[in-house]
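At the far end of the sequence shown sits residue 246, using our numbering, and the numbering has no gaps.
Note that the Cβ used here is the ideal one computed from N, Cα and C, for glycine as well.
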Amino acid sequence: MSSSKSTDKISKSITSLRSDLGSLITICAHHYQNSAITNHADLIGDSYQLARECQNIKSRYIVFCGVKFMADTARIICPEQQTILLPELSAGCPLAQTIDLKTALTVSREINKILEKPVIPIVYINSEAEMKSFAGYNEGCVCTSSNALQIIRYYLDQNRAILFIPDFNLGYNTAIKAGFSVNDICSVSRKNDQIQLSSHNRAQIYLWQGSCYVHKRFSASQISSLRKQYPGIKIISHPETDH
4 MSSSKSTDKI
14 SKSITSLRSD
24 LGSLITICAH
34 HYQNSAITNH
44 ADLIGDSYQL
54 ARECQNIKSR
64 YIVFCGVKFM
74 ADTARIICPE
84 QQTILLPELS
94 AGCPLAQTID
104 LKTALTVSRE
114 INKILEKPVI
124 PIVYINSEAE
134 MKSFAGYNEG
144 CVCTSSNALQ
154 IIRYYLDQNR
164 AILFIPDFNL
174 GYNTAIKAGF
184 SVNDICSVSR
194 KNDQIQLSSH
204 NRAQIYLWQG
214 SCYVHKRFSA
224 SQISSLRKQY
234 PGIKIISHPE
244 TDH
């Protein structure tokens with residue numbers, strides 16, 4: 004069976020099932036999904052936007068067409084009586100998977116040996132549920148790319164050291180905007196199950212070396228090429244891209 008015929012068959016099956024289930028089910032799709040998915044969606048949007056909109060859904064079942072951390076977020080903030088269904092359980096985010104709870108606890112212990120005071124975790128929302136829990140249990144916070152600066156400044160004003168997880172670029176770009184110098188920043192990584200710090204001096208912010216491979220594909224040379232090709236062009240960059 005050709006790919007198009009297979010897609011058509013699946014589409015007809017979804018339409019039929021939706022007709023049978025009626026208001027019992029709502030389908031949410033991240034806008035990264037292709038049209039074969041979004042054509043059946045009741046809601047389309049960014050991950051956190053969709054999770055927030057799920058709070059207002061009355062359906063018993065919510066099918067969340069995205070990666071696991073997106074469905075996790077919806078599960079956290081939706082009413083308990085609702086069931087969040089992830090169509091593909093192996094749909095993971097490479098960025099979120101760069102660190103787990105065991106590693107985060109080890110990182111915290113290593114940093115606290117240097118600081119002799121608790122380091123406060125700020126966890127990017129594009130992370131697994133256990134990492135969000137880690138932030139909450141350690142007086143920290145979950146942030147989005149749009150409010151990361153506000154949250155970092157809040158802890159900076161309290162003279163608290165920060166552990167930013169999991170995206171290095173988002174943490175670095177936001178830290179520089181918040182007034183940190185390069186000397187205030189320490190990179191944290193893992194090699195052969197050993198935690199490595201770029202500096203063993205007391206830093207103000209510790210950044211986990213996680214990244215999104217899609218955002219890492221953008222380069223300065225591409226930007227330069229575009230500027231030459233289209234003089235006066237406006238460039239918009241997500242803070243997960245290289246600084």
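Alpha-carbon spacing of residue i relative to residue j, whole angstroms
{"i": "residue 191", "j": "residue 23", "result": "51 Å"}
{"i": "residue 76", "j": "residue 123", "result": "21 Å"}
{"i": "residue 243", "j": "residue 50", "result": "15 Å"}
{"i": "residue 132", "j": "residue 72", "result": "7 Å"}
{"i": "residue 12", "j": "residue 203", "result": "59 Å"}
{"i": "residue 26", "j": "residue 62", "result": "6 Å"}
{"i": "residue 96", "j": "residue 211", "result": "16 Å"}
{"i": "residue 248", "j": "residue 20", "result": "Because the chain is modelled from 4 through 246, residue 248 falls outside the range shown and cannot be assessed."}
{"i": "residue 232", "j": "residue 120", "result": "52 Å"}
{"i": "residue 17", "j": "residue 43", "result": "8 Å"}
{"i": "residue 152", "j": "residue 180", "result": "7 Å"}
{"i": "residue 183", "j": "residue 172", "result": "14 Å"}
{"i": "residue 237", "j": "residue 113", "result": "43 Å"}
{"i": "residue 47", "j": "residue 189", "result": "38 Å"}
{"i": "residue 67", "j": "residue 216", "result": "23 Å"}
{"i": "residue 98", "j": "residue 15", "result": "34 Å"}
{"i": "residue 3", "j": "residue 187", "result": "Given a span of 4 to 246 for the chain in the structure shown, any question on residue 3 remains unanswerable."}
{"i": "residue 137", "j": "residue 148", "result": "19 Å"}
{"i": "residue 163", "j": "residue 134", "result": "20 Å"}
{"i": "residue 209", "j": "residue 168", "result": "9 Å"}
{"i": "residue 230", "j": "residue 141", "result": "45 Å"}
{"i": "residue 219", "j": "residue 241", "result": "11 Å"}
N- and C-terminal bounds of the alpha helix (DSSP H) containing residue i
{"i": "residue 81", "result": "Where residue 81 is concerned, there is no enclosing alpha helix (DSSP H), given that its DSSP letter is neither H nor E."}
{"i": "residue 104", "result": "104–118"}
{"i": "residue 229", "result": "223–232"}
{"i": "residue 145", "result": "Segment 144–146 is the beta strand (DSSP E) holding residue 145; no alpha helix (DSSP H) there."}
{"i": "residue 218", "result": "216–219"}
{"i": "residue 156", "result": "151–160"}
{"i": "residue 136", "result": "132–140"}
{"i": "residue 244", "result": "Counting along the chain, residue 244 falls outside any alpha helix (DSSP H), and DSSP gives it neither H nor E."}
{"i": "residue 39", "result": "38–41"}
Best match in the options for proximity to residue i [C-alpha to C-alpha]
{"i": "residue 57", "options": "33, 42, 37", "result": "33"}
{"i": "residue 146", "options": "170, 111, 163, 164", "result": "170"}
{"i": "residue 64", "options": "234, 85, 239", "result": "85"}
{"i": "residue 205", "options": "94, 117, 93", "result": "117"}
{"i": "residue 223", "options": "239, 213, 208, 148", "result": "239"}
{"i": "residue 127", "options": "150, 199, 88", "result": "150"}
{"i": "residue 195", "options": "106, 68, 167", "result": "106"}
{"i": "residue 199", "options": "109, 103, 87, 139", "result": "109"}
{"i": "residue 102", "options": "221, 214, 226, 229", "result": "214"}
{"i": "residue 139", "options": "104, 88, 156", "result": "104"}
{"i": "residue 28", "options": "87, 55, 82", "result": "87"}
{"i": "residue 82", "options": "59, 164, 93", "result": "59"}
Residues sharing a beta bridge with residue i, DSSP
{"i": "residue 210", "result": "167, 190"}
{"i": "residue 199", "result": "192"}
{"i": "residue 68", "result": "32"}
{"i": "residue 182", "result": "BP columns for residue 182 are empty, so no partner."}
{"i": "residue 47", "result": "32"}
{"i": "residue 20", "result": "Looking at the DSSP assignment, residue 20 forms no beta bridge with any residue, so it has no partner."}
{"i": "residue 88", "result": "66"}
Per-residue burial, residue i [other beta carbons within 10 Å of its own, 16 or more giving buried]
{"i": "residue 70", "result": "buried"}
{"i": "residue 4", "result": "Low per-residue confidence applies at residue 4: pLDDT is 47, beneath 50, and the placement is therefore not dependable, though the value from the model is reported in the following sentence. The residue is exposed, with fewer than 16 neighbouring Cβ atoms inside 10 Å."}
{"i": "residue 185", "result": "exposed"}
{"i": "residue 235", "result": "exposed"}
{"i": "residue 197", "result": "exposed"}
{"i": "residue 175", "result": "buried"}
{"i": "residue 227", "result": "exposed"}
{"i": "residue 225", "result": "exposed"}
Closer than 7 Å: residue i CB and nearest the ligand ATP heavy atom
{"i": "residue 132", "result": "Among the components of this structure there are no ligands whatsoever, and the ligand ATP is therefore not found."}
Residue range of the beta strand (DSSP E) that includes residue i
{"i": "residue 123", "result": "123–127"}
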